[in-house]
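Enquirer: Numbering (the working numbering), first residue to last: 6 to 320. Glycine included, every Cβ here is placed at the ideal spot set by N, Cα and C. All values derive from a computational prediction rather than experimental measurement. Have a look at the structure that comes next, please.
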C-alpha cells in the first residue's frame, strides 16, 4: 500500500484515454503510462477530465484503471478518477477503482447540479465511507460551476481518509491559507499547469498535469527545481513550457493533448462526441510548439536520475 501523502508529490499526469476503432486502446494506454513513469513522473491519474471519464462506460472505467495499475507495476501510485454528479454513481466508480487496484481516488465536485456546501460535504463523505482508499478532493469550478469552499475543505479534511485537494482554480493565495489551516499531512496539488510553479512556491506539493503527458521530463525537472527553490532554473523551465501549456488548451482538454500525442506517435487522436477534432489552424500552431520544445525535452530526459526503468514489454 502506498503512503499517498508521501508519494503523490511533484509532477503527475492526468492521463488521456486512447481509443482504437472506438474501443479503449489498452496497448497505447500501457505504453504511455510506462513511458511517463520512466521519464520521471511520480503518479498517474486515469479516468479524470483528461481521460474523458463522463464518456466511459463503467466497464471501460474499470478496464482503464486496471490497465494503468498493471503498467505502473508498483513503481508509482495510480490515483483513479471516480467522479460524478450522481453520488451513487460516484460511489460505484470508487468501489470499482478500489477493486481494480487504485492506490487512491480523485473525486470532483458534482457538476451541473450546483449543490450547497452541505450537499458537497455529504457527497464526498458518502464516497469516503464506501471505500477504504485515500480520497483527494477536486475543485475545478471553471468546468463544474460548483466551487468547493475552504471551510468545506477543512470539514472534509477531518475525515480519516480525505488526504488532499487538487485545486484547479489558479488561486495562489489560497495555497498558504489552506496550508496554515490543514498542516503538512494534507496534500495540496495544482490542477492548473500554467500556475503550477507559483502553486509549489506558495506551499503546494505537486501538480496533476496535462502538459506532463507531452513533456514529462521537463515537468519533472520543474518540480525538482521547485523542491530546491532554484529560482533561475524554475524561470528557465517556465519559459520553455509556457507555449506548450497554451497550445494544449487551444480547445477544450483533451482535444489538443490527444492530437499532440498523435503527432508524437504515442496514441491515436480519436475522441468521443461531443468532443470533435482540433481545427487545422490550431493543429499547425500545436505542431510548431511541439517541434520547438522537442530538443529541450530530449535534453531533460538525458538529465533524469537513473530510476524507474521502462518495463521490458513496453514499446
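Below 8 Å between beta carbons: does that hold for residue 161 and residue 142?
Expert: A contact, by the Cβ cut-off of 8 Å.
Enquirer: Considering Cα atoms alone, identify which of 70, 304, 26 is closest to residue 35.
Expert: Taking only the C-alpha atoms, the option nearest residue 35 is 70.
Enquirer: Who does residue 15 pair with in a DSSP beta bridge?
Expert: BP columns for residue 15 point to 211.
Enquirer: In the DSSP assignment, the alpha helix (DSSP H) including residue 113 goes from what residue to what residue?
Expert: That residue, residue 113, is in no alpha helix (DSSP H); its beta strand (DSSP E) goes 109-113.
Enquirer: From residue 303 to residue 180, what does the alpha carbon distance come to, in whole angstroms?
Expert: Each residue's alpha carbon lies about 32 Å from the other.
Enquirer: Measure the C-alpha to C-alpha separation of residue 25 and residue 219 and round it to an integer number of angstroms.
Expert: Near 20 Å, if we compare the C-alpha coordinates of residue 219 and residue 25.
Enquirer: Using the Cα positions of residue 68 and residue 16, report the straight-line distance between them to the nearest angstrom.
Expert: Spanning the two alpha carbons is a distance of roughly 24 Å.
Enquirer: Can you pull the DSSP bridge partners for residue 86?
Expert: Its beta-bridge partners are 111.
Enquirer: Considering residue 168, what are the terminal residues of the beta strand (DSSP E) in which it resides?
Expert: Residue 168 -> beta strand (DSSP E) spans 167-172.
Enquirer: Evaluate residue 103 with the Cβ neighbour count: other Cβ atoms within 10 Å of its Cβ, from every protein chain shown; 16 or more gives buried, anything less gives exposed.
Expert: Buried: at least 16 other Cβ atoms inside 10 Å.
Enquirer: Can you tell which of 199, 233, 66, 163 has its C-alpha closest to the C-alpha of residue 126?
Expert: It is 163 whose Cα lies nearest to the Cα of residue 126.
Enquirer: For residue 217, is the classification buried or exposed, using 16 other Cβ atoms within 10 angstroms of its Cβ as the cut-off for buried?
Expert: The residue is buried, with at least 16 neighbouring Cβ atoms inside 10 Å.
Enquirer: Here's a check: name, in chain order, each residue in its chain whose Cβ is nearer than 7 Å to the Cβ of residue 100, leaving out the five neighbours to either side.
Expert: Around residue 100: 135, 136.
Enquirer: Quick check on residue 38: buried or exposed, where buried means 16 or more other Cβ atoms within 10 Å of its Cβ?
Expert: Buried: at least 16 other Cβ atoms inside 10 Å.
Enquirer: Work out the CA separation of residue 295 and residue 287 for me, nearest whole Å.
Expert: Looking at the two C-alpha atoms, the distance is approximately 12 Å.
Enquirer: Measuring CA to CA, which of 98, 88, 42 is closest to residue 75?
Expert: Of 98, 88, 42, the residue nearest in Cα terms is 42.
Enquirer: Which class does residue 38 belong to by DSSP, given the choice of helix, strand or coil?
Expert: In this structure, residue 38 counts as helix in the three-state DSSP scheme.
Enquirer: Which two residues bound the contiguous alpha helix (DSSP H) that contains residue 267?
Expert: 260-268 is the span of the alpha helix (DSSP H), which, as asked, contains residue 267.
Enquirer: Can you tell me which of the three DSSP states residue 136 falls into?
Expert: Three-state result, residue 136: coil.
Enquirer: For residue 320, I'd like the list of residues in its chain whose CB is within less than 6 Å of its CB, leaving aside the five on either flank, ordered along the chain.
Expert: Bear in mind that the predicted position of residue 320 carries a pLDDT of just 42, short of 50, making it unreliable; the figure below should be weighed with that in mind. Closer than 6 Å at Cβ, skipping near neighbours: 36.
Enquirer: Could you check the C-alpha separation between residue 97 and residue 123 for me, to the nearest Å?
Expert: Using only the alpha carbons, I get a separation of about 21 Å.
Enquirer: The alpha helix (DSSP H) with residue 242 in it runs from where to where?
Expert: It spans 236-252 - the alpha helix (DSSP H) in which residue 242 sits, taken as one unbroken run.
Enquirer: Which one or two residues does DSSP pair with residue 28 in a beta bridge?
Expert: Paired residue(s): 25.
Enquirer: Report the residue from 272, 23, 221, 236 whose alpha carbon sits nearest the alpha carbon of residue 250.
Expert: Residue 250 has its Cα closest to that of 221, out of 272, 23, 221, 236.
Enquirer: Would you say residue 248 and residue 281 are within 8 Å of each other, going by their C-beta atoms?
Expert: Taking 8 Å as the Cβ cut-off, residue 248 and residue 281 do not qualify as a contacting pair.
Enquirer: Could you tell me which whole alpha helix (DSSP H) segments of length 4 or greater appear in the segment 176-220?
Expert: Qualifying alpha helix (DSSP H) stretches, in chain order: 179-187, 201-206.
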